[in-house]
Structures are given as C-alpha cells and as structure tokens.
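Take a look at the structure set out below.
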Amino acid sequence: MFWTSYALAALALLLAWPVPVLLSRAKWPARSPFTAMVLWQAIALAGGLSMIGAMLTWGLEPLGDNLIDGLQGLWHILVDRAPASTLGLVHVFALSAAALLSVHLVFTLWLTYYRILRGRRRHRDMLNLLSSPSADTPATLVIQHPTPVAYCLPGGARSVTVLSDGLLNMLSPQELSAVLTHERAHLVQHHHLLLWAFAAWRAALPWLPTSLLAQRSVNELIEMLADDQALQQVDREVLVRAVAIVGSGTQPSDASSGNPEHRVPAESPMPLGGPDNLEPLSTAGRLSRLLTPRPPLPYYLRVGILVLAILLLAVPTTLLVAPGLLD
1 MFWTSYALAA LALLLAWPVP VLLSRAKWPA RSPFTAMVLW QAIALAGGLS MIGAMLTWGL
61 EPLGDNLIDG LQGLWHILVD RAPASTLGLV HVFALSAAAL LSVHLVFTLW LTYYRILRGR
121 RRHRDMLNLL SSPSADTPAT LVIQHPTPVA YCLPGGARSV TVLSDGLLNM LSPQELSAVL
181 THERAHLVQH HHLLLWAFAA WRAALPWLPT SLLAQRSVNE LIEMLADDQA LQQVDREVLV
241 RAVAIVGSGT QPSDASSGNP EHRVPAESPM PLGGPDNLEP LSTAGRLSRL LTPRPPLPYY
301 LRVGILVLAI LLLAVPTTLL VAPGLLD
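Counting in full-length UniProt numbering, the sequence shown runs from 1 upward without gaps.
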C-alpha cells in the first residue's frame, strides 16, 4: 500500500486546493446548477476519503496489501495481542492521525447539526410569539414588519415559509406565487441538508480556504436551483419583479430593465431557514442570471461531468480496497 498512500495523498491535495478554486471561478455552474452541485458533493466526499485514506494506508502498509487486510492485521494486534513489531513509529503516528481526523469530522458533523437544530428551535419559538398563520396559504407564517422578508424554516412535517406583511403588501398574487415557489423548492429539494454538510466541512477544516469557497458556491447554487424551480410555474418577468422587490424593499418602476446592480443591494434577504444560510447569492447576481439567461450545458457535457463525479468517488474507494493495485 506504499504507492497507494501517495496516490491518495496526491488526490487529496488536488481536491483540497486547485480543483475547488477552479470550480468556484468557473462560469458554467450557472448554466447547469444541479450538475455543479453533484460535482461539489463528489469533491467534498472524495477529498475527505482521500485525506483519511492516505494516512490510513500509510499506517497499515506493513500489515497488508490493501485496506481490508491491513485492518484485519491491526485488529489482531489490538484484540488478539499479536506482535506489533512490524509497525514503526511513523506508522503509529499515521494511524493515530487518521483516527483523530475521522473522529473530528464525524463529531463536527454532529455538532453542526445540533447547533443548527437548536437555532431552528429558538427561531420557531420566536415565530410562535411574533407570527400568525396565513389565511390564504398553508404552512405559511406572517410576521408584522414593513421590511420585505421571505424565507423557509426546515423542520420535516413542521416546515414553514415565513413572510412579512410588508412583503405581502408589495407583491401581486403572481409575484407572491413566485416567492412561495422559490422558498418551497428549498424545502422540497432538501437544500438545508446540503448547507449542513458544507457548513460542517467549513467548521471542521477552517484552515482550508477551499472549504469557504465550497460553502459559498453551494449557497449560490441552491438559490439558482430554487429560481429555476419557480420559473417552471411563473413567467420570467414575474420572478424578476419579485426578486427585485424583495431585494430592494421598494416597488421598482421597471425591474426588468437597466443594470440591476444599481437598483438593489448586494445581499438577498431570502435566506434558507434564517440562521442556516450565511452568504446567499446576491440579488444583483440572481437578477443578472434571470435577465440574461444562457442555455444549459449540452447533454453530453452534463453526462461527462456526472461521470467525472462518480469517478472521483470510485478512484479512492478502489485504491483503498483493491489488493496491491499500485504496489
């Protein structure tokens, strides 16, 4: 497993720095956000697997030709008290690092989930005091505030969409439908789970700059996916007006013309679940994408990227379990 550990380490380095940087700067994800989302997930999973696998295979190298044989040898040492003379200090260090990193990632994932869940419970308690159910729309709460506000609060069967009465006074029925469809798309497509996973990645590896790039990119992609879902039920002009109204807090005279960057603030107040979404796609970015739509990537490119995502997961898995593949 000597060369396997080096191959996994090289793959981990590629997926930890240059690949995420290049993907975060690419323009094509706006054309096919679902494909880009799958690729980001594959990069995160394959990167973590390669990082842990590199240290694990290095540490188990004296005990077997592959991960399974090595783990069996380690089990005999720990449980059956077999001689550990084949393990050097560097191997023990690598095994300890792999174990600590694995525990750290799992614990951070659980801790992030706990914090998000606690924040949602507090948020829901506040809504119980400050909001009232919508008379016209099920699973929708209305808060009394002049600022236009629209977001969803995940919670399984208790998931709700929250609107302000200031927003309701500004939107036409068609624009309100666009906003509701956008927010419900977040819930139906379980975007809160993606945010949880990438927030945990950032919390676990804050020293890794690409963890922040990944979180920002995923936040932008979920907004694109929700907008695309809304476009299936409302006209593009209606969605553009709704996004402009929510983003600017005013009734624009012509939301579908001119430079959106001069009409709306930089950040959209349409977060996914309030405390869960830290950096949503800017209103200017959403309007620019809606006003100048580009065709999706060709089918063969989308299939190729999805195949690449599968290969990213298959390569480290194969290197770990294949007997002496590179040795």
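C-beta: ideal position from N, C-alpha, C; glycine also.
In the DSSP annotation of this structure, P133 is not part of any alpha helix (DSSP H); the continuous beta strand (DSSP E) holding it starts and ends at 131 to 133. In the DSSP assignment, A150 is bridged to L163. Around the beta-carbon of A157, fewer than 16 other beta-carbon atoms lie within 10 Å, marking it exposed. I52 and V321 do not touch by the CB rule: their CB atoms are close to 14 Å apart, not below 8 Å.
The C-beta of P83 has fewer than 16 other C-beta atoms within 10 Å across all chains shown, which makes the residue exposed.
One thing to note: L60 has its Cβ within 8 Å of the Cβ of L71. Counting along the chain, T140 sits inside no alpha helix (DSSP H); it lies in the beta strand (DSSP E) bounded by residues 140 to 143.
With contacts defined as CB atoms closer than 8 Å, A42 and A242 fail to qualify as a contacting pair.
Here A26 is exposed: its Cβ has fewer than 16 other Cβ atoms, across all protein chains shown, within 10 Å. The segment 109 to 129 and the segment 184 to 197 touch, with three or more beta-carbon pairs separated by less than 8 Å. Contact between the segment 142 to 161 and the segment 207 to 218 is not established, with fewer than three Cβ pairs separated by less than 8 Å. For Q229, the uninterrupted alpha helix (DSSP H) segment begins and ends at 209 to 231. Counting only runs that start and end inside the segment 6 to 44, the alpha helix (DSSP H) elements of at least 4 residues fall at 18 to 25. Taking C-beta atoms as the reference points, S5 and P296 fail to come closer than 8 Å. Put simply, the backbone Cα of W58 is about 15 Å away from that of L100. Cβ contact annotation for P20 (same chain, cutoff 7 Å, sequence separation greater than five): I43, T210, L213, A214, in chain order. Under the DSSP assignment, S288 falls in the alpha helix (DSSP H) whose first and last residues are 283 to 291.
With contacts defined by Cβ atoms closer than 8 Å, L105 and G47 do not form a contacting pair. Between A10 and P18, the alpha-carbon positions lie close to 12 Å from each other. Taken through DSSP and simplified to helix, strand or coil, M51 comes out as helix.
Taking a cut-off of 8 Å on C-beta distances, the segment 220 to 228 touches the segment 171 to 189, as three or more cross pairs fall below it. At least 8 Å separates the beta-carbon of A178 from that of V218. The C-alpha of V92 lies about 57 Å from the C-alpha of S131. DSSP places P173 inside the alpha helix (DSSP H), whose first and last residues are 173 to 188. With respect to the C-alpha of A284, the residue from H191, S248, S134, L23 having the closest C-alpha is S248. Note that the C-beta distance between D165 and H145 is below 8 Å. The beta-carbon distance between V142 and L176, rounded to whole angstroms, is 12 Å. This is too long to meet the 8 Å contact definition. Non-local beta-carbon contacts of A12 in its own chain, meaning distances under 7 Å to residues more than five positions away in sequence, involve G47, S50, M51, A54 in chain order.
No residue range can be given for E61, since it is assigned to no alpha helix (DSSP H) and is classified by DSSP as neither H nor E. Boundaries of the alpha helix (DSSP H) around D69: 67 to 78. Ranked by how close their Cα comes to the Cα of S134, the residues S102, R118, G155, L180 have L180 in first place. Excluding residues up to 5 positions away in sequence, W196 lie with their Cβ nearer than 7 Å to the Cβ of Y113 in the same chain. Sorting V103, L311, L171, S282 by C-alpha distance to the C-alpha of T147 places L171 at the top.
A157 sits in a helix when the DSSP states are folded into three classes.
Going by DSSP, V243 is part of the alpha helix (DSSP H) stretching over 236 to 248.
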